[in-house]
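Numbering that gives the first Met the number 0 numbers the first residue of the sequence shown as 0 and each following residue consecutively. Even for Gly, the Cβ is constructed at its ideal location relative to N, Cα and C. Nothing here was measured: the structure is a model prediction, and the numbers come from that model. What follows is a set of notes on a single structure, which appears directly below.
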Amino acid sequence: MVAGGGASVIYADTVGDLGYASELGNYAEYSGAPNEDEVLQYARVCVTADPDGRKRALVIGGGIANFTDVAATFNARVHIYVRRGGPNYQKGLAKMRGLGEEIGIPIEVYGPEATMTEICKQTIECITAAA
0 MVAGGGASVI
10 YADTVGDLGY
20 ASELGNYAEY
30 SGAPNEDEVL
40 QYARVCVTAD
50 PDGRKRALVI
60 GGGIANFTDV
70 AATFNARVHI
80 YVRRGGPNYQ
90 KGLAKMRGLG
100 EEIGIPIEVY
110 GPEATMTEIC
120 KQTIECITAA
130 A
């Protein structure tokens, strides 16, 4: 997710110069002071396009904005729920907790003690409370 036409060219050209142009999954940019809904839709496209199971990296970058409120484009409108059990699940869940703290996005993390149906109930409550 690159902000600014010039920055998008630099990022894409650099990936190409490094020999990986064919691996670019998205070539687009967002600039011009996009609102939260526009950034959300762009993010959805970036993270859901071509789900072929291959490893992915998401770059969020840009140059120096002239008039776009950078903080406004980083408002998290997502709440993540994780519920897993199985071999090494405690270590995996600890990684998810740490990720949430590191990136400042709410991640609710549960092990097998939580039911799948309870997680569904919580997610529905989250999205309906925000409406």
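Which of helix, strand or coil does DSSP assign to Tyr-80?
Translated into positions along the sequence shown, residue 80 becomes position 81. In this structure, DSSP gives Tyr-80 an extended state, which the three-state scheme calls strand.
Span separating the alpha-carbon of Pro-111 from that of Gly-52:
Here residue 111 refers to the residue found at position 112 when the sequence shown is read from its first residue. Here residue 52 refers to the residue found at position 53 when the sequence shown is read from its first residue. C-alpha separation (whole angstroms): 25 Å.
Please go through the same chain and pick out, in chain order, the residues whose beta-carbon is closer than 8 Å to the beta-carbon of Val-81, but skip the five residues on each side of it.
One-based indexing of the sequence shown puts residue 81 at position 82. Leaving aside the five residues that flank Val-81 on each side, the residues in its chain whose CB is nearer than 8 Å to its CB run, in chain order, Leu-92, Met-95, Ile-106, Glu-107, Val-108 and Tyr-109.
Could you check whether Gly-3 and Glu-35 sit closer than 8 Å to each other, using their CB atoms as the reference points?
For this step, residue 35 is matched to residue 36 along the sequence shown. For this step, residue 3 is matched to residue 4 along the sequence shown. If you check the CB distance, Glu-35 and Gly-3 do not come in under 8 Å.
Can you look up Tyr-109 in the DSSP assignment and give me helix, strand or coil?
As a first step, residue 109 must be located in the sequence shown, where it is residue number 110. It is a strand residue.
Cβ-based neighbour list, Ala-11, same chain, cut-off 7 Å, excluding 5 preceding and 5 following:
Looking up residue 11 in the sequence shown gives position 12. Correct list, in chain order: Leu-23 and Tyr-26.
Is it right to say Ser-21 is buried, meaning 16 or more other beta carbons lie within 10 angstroms of its own, or is it exposed?
Position 22 of the sequence shown, counted from the first residue, corresponds to residue 21. Counting the other CB atoms within 10 Å of its CB gives Ser-21 a total below 16, which places it among the exposed residues.
Helix or strand or just coil, what does DSSP make of Ala-20?
Residue numbering aside, residue 20 sits at position 21 when the sequence shown is read from its first letter. In the structure shown, Ala-20 sits in a helix (DSSP, three-state: H, G or I).
Distance, Gly-97 Cα to Ala-64 Cα:
Residue 64 sits at position 65 when you count from the first residue of the sequence shown. Residue 97 sits at position 98 when you count from the first residue of the sequence shown. In a straight line, the C-alpha of Ala-64 is about 30 Å away from that of Gly-97.
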